[in-house]
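Written out below as structure tokens is the structure these notes cover.
2 protein chains.
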Amino acid sequence: MPVEPGTVRPGGRTARVRAAVLRAAEDVLAERGFARLDLADVARRAEVGKTTVYRRWGSVTGLVADLLADMAERPLPRQDTGTVLGDLRAEALLVQRTLADPRQEALLRAVIAAAACDERTAAALRHLHDVRVAEWAPCVEQGLARGELPRGTDPHAVVRAVSAPLCYGVLTSGLVPDVPAAERAAQAAYTAAAAGVYVVE
Amino acid sequence: MPVEPGTVRPGGRTARVRAAVLRAAEDVLAERGFARLDLADVARRAEVGKTTVYRRWGSVTGLVADLLADMAERPLPRQDTGTVLGDLRAEALLVQRTLADPRQEALLRAVIAAAACDERTAAALRHLHDVRVAEWAPCVEQGLARGELPRGTDPHAVVRAVSAPLCYGVLTSGLVPDVPAAERAAQAAYTAAAAGVYVVE
């Protein structure tokens, strides 16, 4: 059965090849950026035949799309601190720590660049983003159940409000947020949510 | 005197060539994206010699960097509605209208992709971002003078808080914000600012 390149999810040797290739792709993206991602280079680093990489992933954007799909399969467990503000602060600090890691910051730039160039990669980034937001949404849902936020508050909007200013700041101003910036992002989202800004009809 | 490609700011014929080339570059970026930007194609559309374009801009990222520098030179006058909330709402609606324009949305994706690939383009994007934030900061400064916000509030942080969720949403979820989303972004930034979240020591 023919499969679209980059969509295979098998076990055994194929899974090992995929893991090696995705790890090598991450290394290249973090070190050199998306513009210098090259399938032959990735194959060499992963110690995998060039033909295999070309056949299975087809293009650099196909490779980044599969990397994003792989990230989406690895859950990032959320914290449960017992309050919405505590949970949103934990989310903000997780984003802050991630962006403060030069490898992760470089990866964010690279996947945004790849997604801006290719529709399938953009869809994979949307999926990863939706998965991450859905992982953290229960902190708002539990807060709603505890009566901490107004009824009708959109959990996804609150979770996105925490991460957006931190990630967007890196992309536009190149500034990696510090811990106080993360605290402000969490406090701002919580304050607005508590005031009913994210209530949807 | 030798000049770095893409940094010339002269008048007369040179200015006309620059205007034609930047306009053509915008067209290509909006229609085909950054990955398919090609100096020869831009030269053809601008009806300018290929050699001129290669000599003056040197690379596709150099061309995008100059496009960003040109945008930064064209001011976007802010509105003055008399209240901070009104001004932030005007800012949010301006961002929303811009992103709802398919050409401008495509340009945002393209410049983010280019900036993710090249340090000089990233610096040009930072500069444009700083110019836009500084253009809108007076709405917060005037609000501070009128006593609408707590003393010590960082005007730039408030202005960024309005646009970040709208622009970041386009990049990650591909969702162009609607007018209610813009209203929420303004209201959220205002509510957080009024509660003192953006007060810096």
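Chains as they are written, first to last, in the numbering used here: chain A, 4 to 204; chain B, 4 to 204.
Positions of the beta carbon are idealized from the N, C-alpha and C atoms, including for glycine.
On a predicted model such as this, the values are computed, not experimentally measured, just so you know.
- Against Val45/B, chain A offers no close residue; the least beta-carbon distance is about 17 Å (beta-carbon pairs closer than 8 Å).
- DSSP lists Thr156/B as the beta-bridge partner residues of Val202/B.
- When 9 Å is used as the limit between beta carbons, Ser176/B is near these residues of chain A: Leu128, Arg129, His132, Asp133, Val136, Arg163, in chain order.
- If the five residues before and after Gln107/A are omitted, its C-beta is found closer than 7 Å to the C-beta atoms of Thr101, all from its own chain and listed in chain order.
- Closer than 9 Å to the CB of Pro141/B there is not a single CB belonging to chain A.
- Only Arg187, Gln190, Ala191, Thr194, Ala195, Ala198 from the stretch 184-198 of chain A bring a Cβ to less than 7 Å from some Cβ of chain B.
- Taking a contact to require three or more Cβ pairs closer than 8 Å, the stretch 112-127 of chain B and the stretch 61-71 of chain B qualify as touching.
- Taking 9 Å as the cut-off, the beta carbon of Ala119/A is found closer than this to the beta carbon of Ala113/B.
- What Arg123/A touches in chain B, judged by beta-carbon distance under 8 Å, is nothing: the nearest beta carbon there is about 12 Å away.
- As for any alpha helix (DSSP H) of minimum length 4 sitting wholly inside the stretch 33-68 of chain B, the runs are 42-49, 53-60, ordered along the chain.
- Taking the Cα positions, Glu144/B is about 16 Å away from Pro80/B.
- Nearest neighbour of Thr194/B by Cα position, chosen from Leu40/B, Val165/B, Cys170/B, turns out to be Val165/B.
- The beta carbon of Gly172/B sits closer than 9 Å to some beta carbon of chain A.
- Taking all protein chains shown into account, Arg135/B has 16 or more neighbouring C-beta atoms within 10 Å of its C-beta and is therefore buried.
- Shown here, Glu144/A sits in a helix according to DSSP, grouped into three states.
- Counting along the chain, the unbroken alpha helix (DSSP H) around Leu110/A starts and ends at 105-120.
- The C-alpha of Ala103/B is placed about 22 Å away from the C-alpha of Ala38/B.
- Chain order gives the chain B residues near Arg112/A as Ala119, where near means a beta carbon separation below 7 Å.
- With a threshold of 9 Å between beta carbons, Gly155/A makes no contact with chain B.
- Pro180/A: not part of any alpha helix (DSSP H); DSSP gives it neither H nor E.
- As the crow flies, the alpha-carbon of Val161/A is around 17 Å from that of Ala196/B.
- Using a CB distance below 9 Å, the part of the stretch 62-94 of chain A facing chain B consists of Thr64, ordered along the chain.
- Sequence-distant Cβ neighbours of Trp139/A in its own chain, meaning closer than 6 Å and more than five residues away, are Arg81, Glu94, Val162.
- Taking C-beta separations shorter than 7 Å and ignoring five residues to either side along the sequence, the partners of Ala43/B in its chain run Lys53, following chain order.
- Not flagged as an interface residue toward chain A: Val179/B, since no C-beta distance is shorter than 9 Å.
- When DSSP states are grouped into helix, strand and coil, Pro168/B belongs to the helix group.
- Contacts between Gly36/B and chain A, judged by CB atoms closer than 8 Å, involve Ala119, Cys120 in chain order.
- Just so you know, the alpha carbons of Pro168/B and Asp133/A end up roughly 15 Å apart.
- Taking 9 Å as the threshold, the shortest C-beta distance from Val24/B to chain A does not fall below it.
- Secondary structure of Arg135/B (DSSP, three-state): helix.
- At least one beta carbon of chain B lies nearer than 9 Å to the beta carbon of Ala160/A.
- Within the same chain, Val87 come within 6 Å of Glu151/A by CB-CB distance, once the 5 residues on both sides are set aside.
- Exclusion of the five residues before and after Leu70/B leaves Leu25, Ala28 as the residues of its chain whose Cβ lies within less than 6 Å of its Cβ.
- Taken through DSSP and simplified to helix, strand or coil, Arg100/A comes out as helix.
- In this structure, Val20/A lies away from Arg47/A, with their beta-carbon atoms at least 9 Å apart.
- Closest by C-alpha distance to Leu91/A, out of Arg187/A, Gly155/A, Asp73/A, is Arg187/A.
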